[in-house]
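The structure under discussion appears below in the form of structure tokens.
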Amino acid sequence: MAKSQPKTVWIVATVALIAIVAAVIWNQTRSTATADQTQNNALAPLIIGVGPSLAKPLQVAVDEAKKQGIAVKLVEFSDWNTPNITLNHGDIDANFFQHQPFLDNVIKETGFKLTAFAAGAASHVGLYSKKYTDLTALPQQAKVVVPNDPVNQGRALLLLQQAKLIQLNDPKNTLSGLKDIASNPKDLQFIEVEGPQTARALDDADLAFGYPHYLRLAKTADPESALVFDDNSNVQYAILFVVREGYSDPQDRLKRFVAIYQNSPQVKAALDQDFGAKLWFPGWK
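The number in the working numbering is simply the position in the sequence shown, starting from 1, with 18 added.
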């Protein structure tokens with residue numbers, strides 16, 4: 019019995035050594051996998067949701083960012099609800115389609131934990147018609163297209179008031195709705211549509227509130243042909259890069275991308291082409 023003791027010790031030592039080696043290999047494998055995952059996450063494209071009418075200048079920024087080693091992927095949304103739902107769910111890193119009053123209203127109505135990260139371009143808006151070349155020619159009960167969301171409808175009504183077609187109960191209320199019209203001498207008949215559809219609804223109306231970039235995309239009217247433009251250069255209507263609250267911005271990729279958008283001559287040229295050089299202004303200044 020005593021002679022078998024060295025053999026037992028050897029077996030125990032061998033098993034212990036194998037266990038130690040296995041533990042070291044497992045730790046190295048786990049560390050490698052973690053490092054690979056971290057690297058993959060760092061290299062994953064920055065995903066930004068965008069409205070189609072804003073996509074071309076942003077794509078120019080994407081191309082410029084690629085030259086600097088920043089991978090960005092744009093995902094287009096045709097409506098004004100899905101981009102915030104998708105962002106809030108965490109499926110994209112940021113979106114770019116809304117201004118601050120619109121975002122404030124979304125947060126109020128949904129409770130989404132979203133916040134502005136940086137500002138992009140702001141644009142003027144106008145009243146457009148394919149039937150008339152002067153607002154005084156509008157007939158009684160003319161059909162007028164306005165957005166159906168409270169924020170942009172309020173902006174449309176302020177412009178109609180500026181054009182002296184209506185009068186609002188509170189002339190400075192940016193959230194006025196149709197019920198807040200105090201005076202409507204021509205008995206204008208309002209057609210409410212989702213904001214992106216205002217450009218296409220122009221064919222079926224006498225007058226439409228419009229955004230230059232949507233009109234250019236829809237090719238329904240020359241963006242510079244408005245019968246009247248708003249005289250508002252308030253940066254509160256600048257389109258925003260919006261993220262979830264607490265967004266960490268790994269490697270400052272979004273910050274660097276925004277800087278490219280705001281400072282690139284190529285992006286400026288694209289904005290001039292899409293909006294019209296006199297119809298947009300920097301919302302970050």
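Cβ atoms here follow ideal geometry from the backbone N, Cα and C, with glycine treated the same way.
{"Check": "Could you check what DSSP says for Ile103 in three-state terms: helix, strand or coil?", "Outcome": "helix"}
{"Check": "Go through its chain and collect everything with a Cβ distance to Ser71's Cβ below 6 Å, but skip five positions before and after it.", "Outcome": "His231, Tyr232 and Leu235"}
{"Check": "Could you tell me whether the Cβ atoms of Val164 and Glu127 are closer together than 8 Å?", "Outcome": "no"}
{"Check": "Apply the 10 Å Cβ neighbour rule to Gln254 and answer buried if 16 or more other Cβ atoms are within range, or exposed otherwise.", "Outcome": "exposed"}
{"Check": "Compute the Euclidean distance between the alpha carbons of Asp292 and His142, then round it to the nearest angstrom.", "Outcome": "13 Å"}
{"Check": "Quick check for students: name the residue ranges of the alpha helix (DSSP H) that lie wholly in the stretch 128 to 190, counting only runs of 4 or more.", "Outcome": "168 to 180"}
{"Check": "Run through DSSP, which three-state label would Leu92 get?", "Outcome": "strand"}
{"Check": "Tell me whether Gln86 is buried or exposed, calling it buried when 16 or more other Cβ atoms sit within 10 Å of its Cβ.", "Outcome": "exposed"}
{"Check": "Based on the DSSP output, what are the partners of Leu226 in its beta bridges?", "Outcome": "A small correction: the amino acid at residue 226 is Ala; Leu does not occupy that position in the sequence shown. Looking at the DSSP assignment, Ala226 forms a beta bridge with Tyr146 and Val163."}
{"Check": "Would you mind giving the Cβ-Cβ distance between Ala79 and Ala256, rounded to the nearest angstrom? I have them listed as a contact below 8 Å.", "Outcome": "Going by Cβ atoms, the distance from Ala79 to Ala256 rounds to 15 Å, so no, they are not a contact pair."}
{"Check": "Apart from the five residues just before and just after Gln280, which ones in its own chain have a Cβ nearer than 6 Å to its Cβ?", "Outcome": "Trp302"}
{"Check": "Which same chain residues end up closer than 6 Å to Phe247 when comparing Cβ atoms and leaving out the 5 residues on each side of it in sequence?", "Outcome": "His142 and Gly144"}
{"Check": "Using the C-alpha atoms, what's the distance from Leu92 back to Leu105?", "Outcome": "13 Å"}
{"Check": "Can you find at least 3 beta carbon pairs, one from the stretch 255 to 273 and one from the stretch 196 to 209, that sit closer than 8 Å?", "Outcome": "no"}
{"Check": "Less than 8 Å between the beta carbons of Ala89 and Pro63, yes or no?", "Outcome": "yes"}
{"Check": "Can you give me the start and stop residues for the alpha helix (DSSP H) that Glu82 sits inside?", "Outcome": "Ala73 to Lys85"}
{"Check": "Please state whether DSSP places Ala295 in a helix, a strand or coil.", "Outcome": "coil"}
{"Check": "In whole angstroms, give me the CA-to-CA distance for Leu175 and Pro101.", "Outcome": "25 Å"}
{"Check": "For Ala139, does the count of other Cβ atoms within 10 angstroms reach 16, so buried, or fall short, so exposed?", "Outcome": "buried"}
{"Check": "According to DSSP, Leu64 sits in a beta bridge with which residue or residues?", "Outcome": "Val90"}
{"Check": "If I follow the unbroken alpha helix (DSSP H) through Gln280, where does it start and stop?", "Outcome": "Arg271 to Asn281"}
{"Check": "In three-state DSSP terms, what is Leu206?", "Outcome": "coil"}
{"Check": "Go ahead and pull the three-state DSSP assignment for Leu245.", "Outcome": "coil"}
{"Check": "Who are the Cβ neighbours of Asp205 in its own chain at under 8 Å, not counting the five residues just before and after it?", "Outcome": "Gln158 and Gln159"}
{"Check": "Please list, in chain order, all residues of the same chain as Tyr229 whose beta carbon is under 8 Å from its beta carbon, the five residues on each side excluded.", "Outcome": "Ser71, Ser141, Val143, Gly213, Thr216 and Ala217"}
{"Check": "Exposed or buried, Ala219, counting other C-beta atoms within 10 Å across all chains shown (16 or more means buried)?", "Outcome": "buried"}
{"Check": "Quick one: residues in its chain with C-beta nearer than 7 Å to the C-beta of Ala156, no 5 flanking neighbours on either side, listed in chain order?", "Outcome": "The question names Ala, but residue 156 is Leu in the sequence shown. Within the same chain, Leu156 has close Cβ partners Tyr150, Lys204, Asp224 and Leu225."}
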